[in-house]
Amino acid sequence: MLIVQKFGGSSVANAECVFNVAEIVTEKYKEGNKIIVVVSAQGDTTDDLIEKAREINPHASRREMDMLLSAGEQISIALLAMAIEKMGFPVVSLLGWQAGFNTNSTYSSARIKRIQTERIKAELDKNNIVVVAGFQGVNRFGDITTLGRGGSDTSAVALAAVMNAEICQIYTDVDGVYTADPRKIKNAAKLDEITYDEMLELATLGAQVLNNRSVEMAKKYNVEIEVLSSKSRVPGTKVKEAAKMEKMLIKSAAKDTNVARVMIVGIPDVPGVAFQIFSRIAKAHINVDIILQSVGRDKTKDITFTVAADKGNAAVAALKEYIDMVGAKEISFDTDVAKISIVGAGMETHEGVASRMFEVLGDAGINIQMISTSEIKVSVLIEAKDADRAVSVVHAAFFDDSLAL
Ligand code: ADP
Ligand code: ASP
Ligand code: MG
């Protein structure tokens, strides 16, 4: 059986952790499995490297940032391979390019185009445990790229897909996917299973436990994922296509504080305005999330939308010229907001989920600024200062007095 195992930063943070990982890996190897291990940089290494870059040049090019950040994973693959070597098992470590990860050239958020698997296959044929650096690849110019924060999850799922692995195990510092972030909500409960669609929404809505691109890829190539802890040997959460899923209305609540709200006030209320605005935003490669347009009054209207926090400035800049031209009253953005969401396929067939969420937020005196829904999620935008309290009351409403609907 071929298994892909991925270990996040906290799982390889120090020598003791590295040996613990080596133990988990070799246990599975001894059972006769072929093992590909994907690792992230140790502990806070990636953040520390970003800080080092800032000291030298806060405006460093993305190419050089990728060159720097890829070093973090280079350290951990070598250390893990050394630990496995010391335990007497055959092992080889490979950087992204050696493992055949070809990406496009969007430095700092590159996309995997293909994985050339010859080298990995050759190493597995030699019975080696193969340790691969997550988060990195190489572009057509032969330059190092990285996949974006949290990208090692995607490296692991991509390898599991092309190698046709039995399962992709994502080892982290919690033992599964919970009904809310278990570090924040004390009585959050662990889920045995969650569907790709639910997990994709959750990951996109701020639950950091899996990177959203990895879930997207797992769904596309039907890779079964298990999220589990490297510290405790208990079964984790399976992410897969809906099978005999638990009948839960809501699976999880999530918080995302990486949000900026852009407001355009007093724009002419004529046809084509939304197109003019959002085509400019798209051209600037900015993803828009929630959009709200007010009813026109006095021949003008307001348009508000959300983008990632670090894109607020760029969004305003992209619109400045147009806003001046048509003479809107004001354009501004603020990052003092948070998005709180609930996710679950069960709400598709249950009316009243959104209103229950609004009710408990109202009871808690938390004002809702924007709302967005899909079949399987409800998101609200609120003031950042209320974020933790909001998750807590929403979680309590759906998980404590269980399904009062
Ligand atoms: P790694 O370094 O292993 O990639 P991450 O820090 O990226 O780990 O992701 C794990 C973290 O995700 C957990 O420590 C937890 O605080 C957070 N998290 C947020 N929402 C959830 C959730 N619903 N279930 C489990 N973990 C969550
Ligand atoms: N080391 C990278 C990061 O911190 C990639 C990862 O952990 O998945 O974002
Ligand atoms: Mg992660």
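Quick note on numbering: the sequence shown equals residues 11 to 415 in the working numbering.
Note that the Cβ used here is the ideal one computed from N, Cα and C, for glycine as well.
### Query
Within 8 Å: the Cβ of residue 1 and any heavy atom of the ligand ASP?
Lying outside 11 to 415, the shown extent of the chain, residue 1 is not represented and no answer is given.
### Message
Taking only three categories from DSSP, how would you classify residue 286?
### Response
DSSP, read as helix, strand or coil, puts residue 286 in helix.
### Query
Looking at the structure shown, is residue 412 part of a helix, part of a strand, or coil, going by DSSP?
Model confidence at residue 412 stands at a pLDDT of 49, short of 50, so the residue's coordinates are unreliable and nothing is read from them.
### Neighbour-count burial assignment, residue 366, 16 or more Cβ in a 10 Å radius
By the 10 Å Cβ count, residue 366 comes out buried.
### Task
May I ask you to check if the CB of residue 51 is nearer than 8 Å to at least one heavy atom of the ligand ASP?
Residue 51 Cβ: within cutoff of the ligand ASP.
### Burial state of residue 62 (16 or more Cβ within 10 Å)
Under this definition residue 62 is an exposed residue.
### Entirely enclosed alpha helix (DSSP H) segments - the segment 262 to 333, minimum 4 residues
Complete alpha helix (DSSP H) runs here, min 4: 283 to 293.
#### Entry: Between the CA atoms of residue 285 and residue 313 - distance to the nearest angstrom
Going by the C-alpha atoms only, they are around 12 Å apart.
### Task
Check whether the Cβ of residue 240 sits closer than 8 Å to any heavy atom of the ligand MG, and report yes or no.
It does not: the Cβ of residue 240 is nowhere closer than 8 Å to a heavy atom of the ligand MG.
#### Entry: residue 353 beta carbon less than 9 Å from that of residue 208
Cβ distance < 9 Å, so residue 208 and residue 353 count as in contact.
### Message
Quick check: what's the CA-CA separation for residue 371 versus residue 388?
### Response
The C-alpha of residue 388 is placed about 13 Å away from the C-alpha of residue 371.
### Task
Flag residue 194 as yes when its Cβ comes closer than 8 Å to any non-hydrogen atom of the ligand ADP, and as no otherwise.
Using a cutoff of 8 Å, the CB of residue 194 counts as near the ligand ADP, since one of the ligand's heavy atoms is closer than that.
### Message
Using the Cβ count rule (16 or more neighbours within 10 Å means buried), how would you classify residue 351?
### Response
Counting C-beta atoms within 10 angstroms of its own C-beta, residue 351 has 16 or more neighbours from the protein chains shown and is therefore classed as buried.
### Sequence-distant residues of the same chain with beta carbon closer than 8 Å to residue 358, five excluded per side
Around residue 358: 385, 386.
### Query
Under a Cβ-count criterion, where at least 16 other Cβ atoms within 10 Å of its own Cβ denotes burial, should residue 243 be classed as buried or exposed?
The residue in question, residue 243, is exposed, as its Cβ has fewer than 16 Cβ neighbours within 10 Å.
### Query
Beta carbon of residue 182: closer than 8 Å to some heavy atom of the ligand ADP?
Yes.
### Task
Rank 100, 35, 320 by C-alpha distance to the C-alpha of residue 135 and give the top, closest one.
Among 100, 35, 320, the Cα nearest to that of residue 135 is on 100.
### Query
At which residue ranges does the segment 159 to 193 contain complete beta strand (DSSP E) runs of 3 or more residues, listed in the order of the chain?
Counting whole runs of 3 or more residues, the segment 159 to 193 contains the beta strand (DSSP E) stretches 177 to 182.
#### Entry: Cβ-heavy atom distance, residue 208 to the ligand ASP, below 8 Å
Every heavy atom of the ligand ASP is 8 Å or more from the Cβ of residue 208, so no.
### Query
Does the Cβ of residue 124 have 16 or more other Cβ atoms within 10 Å, making it buried, or fewer, making it exposed?
Exposed.
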